[in-house]
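Some notes on the structure that comes next.
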Amino acid sequence: MNRRCRIRCAHKVFSMATRKTKQKPKPLARKSATPGGLAPMMMGMAVAIALFGCLLYANTIGHGYVLDDFSVIKENFVTQRGIAGIPELWSNHSRHGYWNSPGELYRPIPMTMFALEWELAPDQPWLSHLINILLYGLTGAILFLTLARWMKNCNVLLPLLATLFFMAHPVHVEVVANIKSRDEIVMFLLCVTSLHLLWRHLESRRVMPLVLALLAYTVALFSKENAVTFVAIVPLAMYFFSKENLRKMAWVTLLYALPAVLFVVVRRLVIGDMLHPGSISVLDNFLVGAPDKSAFLAGAFLMLGKYLWTLVFPHPLGSDFGYNQIPLPGWGDWRVLLSLAVWVGMGVFALMRLKKKDLWAFAILFFLINFSIFTNVLVTIGTSYGDRLLYAASPGFALALALGLMKIFRENTAVTQEGIFQNKALWSAAAVIVLLYSVKTLTRNADWLDSYTLYEADIEVAPHSAKLNFHYGLEIVQKGLNAQDDVEKKRYYDRAKEHFAKAVDIYPSYHDAYSQLGLAYYRERNYEKAMENYNLALRYKPNFPLVYSNMGIIYFEQGDLVRAKEVYEKAVQYDPRMKDALRNLGAVNAMEKNFQEAIKWFSQAEKYWPEDATINFYLGSAYKDAGQEEKGRPYLEKAYRLDPSLKK
């Protein structure tokens, strides 16, 4: 029998079987020319999910820089060097170009992306926001395809609903709307891509997908440290969704462990050991203020309960719930005990259902593993709470939510020949959830327009956070600086002073707040009160360069150049890259006709801020006054090019 006959006969047998059983063909048959392939309709769903994610965050394209965007982009002189700064980004911590102190974050991949974006479009945050949006949409598409591949023996509704819940959840606003959180987006996108490629290897036995999977995972590690938890996700997923034996699982897990070890070694060589609890401020993580380990753990479980509640009911959302918005509880607090019971219960339930490969167990373990590094139970981290920390773990919650809905509305989780839209009650409930999530996401996006709008919204949610009051005060001051009317300026400055005062009332050792109070009194020309607050700031932080620099301004205005130079030198001693202190120190020396010394300080400032017109002008003028006009001419020409008004 020739090949054509065999195909025809097979077709007849299939047709007879269909007529006998009176069954309709599967509406979403997952067929492809390649093993383990996905039908075109599945790809269509993936594209639709990606578009949905992009539309949800389209209203952030016109937003500016917010929160940590300033330390990694807007005010980071290494990032602003563009391509030329990339080698330095790989050999230092992420905020090296922002502050002159040790850092614990090593994320060269997103930092490289920021440098390239600055090279292409300097100081244009819309481009970075657009990239965040596109990457988020792509994440949704690949997450859906990966879940669908894993759950090929399940109803396609399960991965579809899980991905929709993930994409719409408002807890992700902090990740997508904040450019800095590119690290989180890229890390998770590459981890999911790696798992998708791994499954292509397992299904085809080809080596190249495995190589690409390991490469993607390596890049994920250099995007954000918590990618290390996926070393445990790999065997978990293989156990649930593949037929591989333990030997194969162990071998693949070992391969994933190798780049994780490589990252840890490189990270330690570049920036040293992991963050130590002693270097964490109580303002960032109020748990470090606990009197003992027992109180610390009680506080940790209280926050773990808050994380779960935020997933279940994401309102209101806030960017900071630090000291002392949520006071340290004790073990007698019912919220602590309830949180402990829920977290332990989830773990016990998952382990009990592990042998049966129950999808509930997978959802819980996926969540617990990916979130474990942020619990403050295993290791103390630099914050007590952050919506962004739920990002990589939240697919576990989304899957559990999808499972719960399908169970409530009696939808079979196994492969079904019924159309996916047959269960109208299920879709109605899912639509309500997605709609509510989406509305909250869109409205929360608006809060992230800039730092002022964010803090203005969040101060209502966390009015007793010292850090939030301080930063809100800073943004109010900026409003005052930009105001045209003196009365309006004073109104802004008075409001800011109230929040700085509240910050030190909440946390009496808040040196930054004392510094800003001193600056507020300086603006009122109340030098005595300004110095009083500056000295309070130095009491709690003796090596505070900003305070020394601001004290220098007062001495300078009082005509005391000797003391002005003295405190400027202290500022530069503690921060050799402080622009204002370097510039003012050079100016004081120039006034004393000590031009060579002035050139020294202006040159140091120009080294770090080569595109600052004023610094170039001062440096060129100092060379000219020192009789070295030829050396000064290039700096003056550059200054005039950057700011033509300096020619006057």
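One gets the numbering used here by counting positions in the sequence shown from 1 and adding 29 to each. Heads up, the beta-carbon is just placed ideally off N, CA and C, and yes, glycines get one too.
Query: What does the Cβ neighbour count give for PHE624, buried or exposed, with the cut at 16 atoms within 10 Å?; Result: buried
Query: Just the C-alpha distance for LEU80 and GLY166, rounded to the nearest angstrom, thanks.; Result: 6 Å
Query: Determine, using beta-carbon pairs with one atom in the stretch 489-507 and one in the stretch 349-360, whether at least three such pairs fall under 8 Å.; Result: yes
Query: Return the residue from the list LEU340, MET375, VAL371, PHE330 that minimises the CA-CA distance to ILE355.; Result: PHE330
Query: DSSP puts ALA443 in a beta bridge; with which residues?; Result: CYS183
Query: What residue range does the alpha helix (DSSP H) around ASP541 cover?; Result: 540-552
Query: Under the assumption that ASN184 contacts GLU504 (Cβ atoms under 8 Å), give the Cβ distance between them as a whole number of angstroms.; Result: Contact flag wrong, Cβ pair sits at about 49 Å.
Query: For HIS344, count the other beta carbons within 10 Å of its own beta carbon; 16 or more makes it buried, fewer makes it exposed. Which is it?; Result: exposed
Query: Cα-Cα, which of ALA150, VAL311, ALA525 is closest to THR412?; Result: VAL311
Query: Counting Cβ pairs, one atom from each stretch, are 3 or more of them under 8 Å apart for the stretch 158-173 and the stretch 114-128?; Result: no
Query: Taking ASN255 as the reference, which of SER271, LEU275, CYS220, LEU383 has the closest Cα?; Result: CYS220
Query: Hey, LEU190 and ALA542: beta-carbon distance below 7 Å or not?; Result: no
Query: Only counting runs of 4 or more residues, tell me where the alpha helix (DSSP H) segments fall wholly within the stretch 329-413, in order along the chain.; Result: 363-381, 388-400
Query: Output the boundary residues of the alpha helix (DSSP H) element that contains THR482.; Result: 480-490
Query: With the cut-off set at 7 Å, would you say VAL295 and SER252 are in Cβ contact?; Result: no
Query: Taking its Cβ as the centre, do 16 or more other Cβ atoms sit within 10 Å of GLY649, making it buried, or is it exposed?; Result: buried
Query: Short of 6 Å in beta carbon distance, which residues of its chain neighbour VAL506, apart from the five on each side in sequence? Order them along the chain.; Result: ALA525
Query: Among the candidates PRO199, LEU176, PRO69, ASP416, whose CA atom is the shortest distance from the CA of VAL463?; Result: PRO199
Query: Give the secondary structure of GLU104 by DSSP, where H, G and I count as helix, E and B as strand, and everything else as coil.; Result: coil
Query: With distances taken between CB atoms, is the gap from TYR539 to ALA532 smaller than 7 Å?; Result: yes
Query: Are the CB atoms of HIS230 and LEU478 within a distance shorter than 7 Å?; Result: no
Query: Kindly confirm or deny that the stretch 309-328 and the stretch 138-147 touch, where touching means at least three C-beta pairs closer than 8 Å.; Result: no
Query: Indicate whether TYR647 and LYS660 have their beta-carbon atoms separated by less than 7 Å.; Result: no
Query: What runs of the alpha helix (DSSP H), each 4 residues or longer, lie entirely inside the stretch 172-256?; Result: 186-197, 202-205, 211-233, 236-250
Query: Which of the three DSSP states, helix, strand or coil, is assigned to ASP641?; Result: coil
Query: Looking only at its chain, what residues have a beta carbon closer than 7 Å to the beta carbon of SER120, apart from the 5 residues adjacent to it on each side?; Result: VAL299
Query: Could you please give the first and the last residue of the uninterrupted alpha helix (DSSP H) stretch that includes LEU418?; Result: Premise fails: LEU418 is in no alpha helix (DSSP H) and is neither H nor E.
Query: Would the beta-carbon of ASN474 fall within 7 Å of that of VAL202?; Result: yes
Query: Check the C-beta distance from LEU546 over to ASN564 and give it rounded, since I have them as a contact under 8 Å.; Result: In fact, because the Cβ distance is near 11 Å, the residues do not count as touching under 8 Å.
Query: Run the CB neighbour count on ASP514, radius 10 Å, all protein chains shown included, and call it buried at 16 or more, exposed below.; Result: exposed
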